[in-house]
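What follows is a single structure, written as structure tokens, with notes after it.
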Amino acid sequence: MEPFYAIGIFLFVLFLLLGSGVWIGLALLGVAYVGMEMFTMRPTGDAMMTAVWRSASSWTLTALPMFIWMGEILFRTRLSEDMFKGLAPWMARLPGGLMHTNIAGCAVFAAVSGSSAATLTTVGKMTIPELRKRQYPERMVIGTLAGAATLGLMIPPSLTLIVYGVSINESITSLFIAGIIPGLVLAGLFMLYVVGVSQISKTYTPVPEPKISFGEKLKRSRFLVPVLLLILLVIGSMYTGLATATEAAAIGVVGALVLAAAQRSLTWSVFVESLMGATRTSAMIALILAGAAFLTLAMGFTGLPRGLAAFIGSMELTQFQLIMVLMVFYIILGCFLDGISIVVLTIAIVEPMVRQAGIDLIWFGIFIVVVVEMAQITPPIGFNLFVLQGMTGHPMSYIARAALPMFLIMFGMILLLVAFPELATWLPEQVRPVRGVTPAA
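Every letter in the sequence shown is one number past the one before it in numbering that gives the first Met the number 0, and letter 273, counting from 1, is 272.
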């Protein structure tokens, strides 16, 4: 069977199911089922059972619900309020003022959340009222928050990197470490944008903050100590080789519970709500992964990944040309699907192309995260745009225009990664393998 005929069948069934409102995970299972029935003689039920069980029984995936639970616990604490109190004195004197709290706050919370939506909601519910009260430009407030919240996908722990690592059988710890420098560089680019706009825009006239002494700044910094300690505990345990990603996730949950108890915001209802929220999100992702595993098996029988890889190889694209083609491909997909769905849906097809082109898989994981970040603020399905619409009441068109500069900055980040791949590959190379555990752990 010609691979490109199979592509047409797969895409037709996929968009038919997605257009009918079927859950993404079930849609992937349905596409795989049709593919198995049409293109193979193997019993479909046995194949589905094997693929789904294999995807669900991965020990590495234990890290996913644990990191989600950690973020859910912290989301229900006074963390965002404390972060603003601790960051504001240091950001106020920078060119651009307190607008930087959007970016710095998202970067800090990203390091304990792993979720773009949780980062956006937690930081936004505190900074938006405060920045509005000080008369910062509304479009800048919304735009920087939309862009900076995507750092939750890059700075470890990242749910997208966990899914990518499991899908491609790559070390999650190495992927986490690879995301640190690009995440900080991207945050720095966002802050440089704020500095530039604050210097040239005539409408950037916020109410100035009162001057406070250095001692008072240090005193207010105590609000940042708990979350910084939690970040050091989680990331430091992986960086030093004391814990795998899964073990670090468990450490993070315990640390989050202790932090919530210390803030006196750990009630029984908070505990149950956080656990149920993590369960719902984890179940959704697990269903998507199960559907993707079955679809990967079905596509393997058709020879689709090999056929596409051979076709791309025959075009003799350079690495840069291939990266640009894949970037456009992922941005288009991002207009219709969420980030995790994009990764699990495409990795079986894209991986052979990337390997054949000699592209480092750790680097490619960071590239995918940046492109998925771009998808988070791309209409019509950009998830961050929907969250901001609910928080601010602005129309989608207004929020999309406000986020456009952040989209362009992320494109610039991709060019930086292409020009300087060491941004993503240098730090993982300095960390030795962790205690002989399996690569994906």
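Beta carbons are placed, not taken as given, at the ideal position from N, Cα and C, and that holds for glycine.
Here the alpha carbons of T100 and A87 stand approximately 6 angstroms from one another. G34 is positioned such that its CB atom lies no closer than 9 angstroms to that of V51. Scanning the stretch 177-242 from its first residue to its last, no whole beta strand (DSSP E) run of 3-plus residues comes out.
Burial check for A402: the Cβ neighbour count within 10 Å reaches 16 or more, so the residue is buried. Assigned with DSSP and collapsed to three states, G7 falls in helix. Judged by beta-carbon spacing, V194 lies beyond the 9 angstroms limit of D81, meaning their Cβ atoms are not closer than that value.
At least 9 angstroms separates the beta-carbon of A31 from that of A106.
Between R92 and the set P205, F108, V253 and P181, the nearest pair of CA atoms involves P205.
DSSP places A247 inside the alpha helix (DSSP H), whose first and last residues are A244 to A261.
Per DSSP, reduced to three states, the secondary structure at A356 is coil, with no helix or strand assignment. A buried status is given to Q375, since no fewer than 16 other beta-carbon atoms sit within 10 Å of its beta-carbon. Rounded to the nearest whole angstrom, the CA to CA distance from V140 to V162 is 31 angstroms. For N101, the enclosing alpha helix (DSSP H) starts and ends at H99 to S112.
Between V21 and T280, the alpha-carbon positions lie close to 17 angstroms from each other.
In the three-state reduction of the DSSP assignment, R75 falls in the coil class, being assigned neither a helical nor a strand state. Two segments are said to touch when three or more pairs of C-beta atoms, one from each, lie closer than 8 angstroms; by this definition the stretch 336-352 touches the stretch 361-374. For R138, the enclosing alpha helix (DSSP H) covers residues E137 to A147. Per DSSP, the unbroken alpha helix (DSSP H) holding N383 starts and ends at F382 to T391. Contact between F66 and A248 holds, since their C-beta atoms are separated by about 5 angstroms, short of 8 angstroms.
Residue state for I287 is assigned as helix, using DSSP reduced to three classes. Only exposed fits F213, as fewer than 16 other CB atoms lie within 10 angstroms of its CB. Inter-residue distance for A103 and F328 is about 31 angstroms (C-alpha atoms, whole angstroms). When secondary structure is reduced to three states using DSSP, W89 falls in the helix class. Within a 10 Å sphere around the beta-carbon of E169 sit 16 or more other beta-carbons, which makes this residue buried.
Counting other Cβ atoms within 10 Å of its Cβ, G151 reaches 16 or more and is therefore classed as buried.
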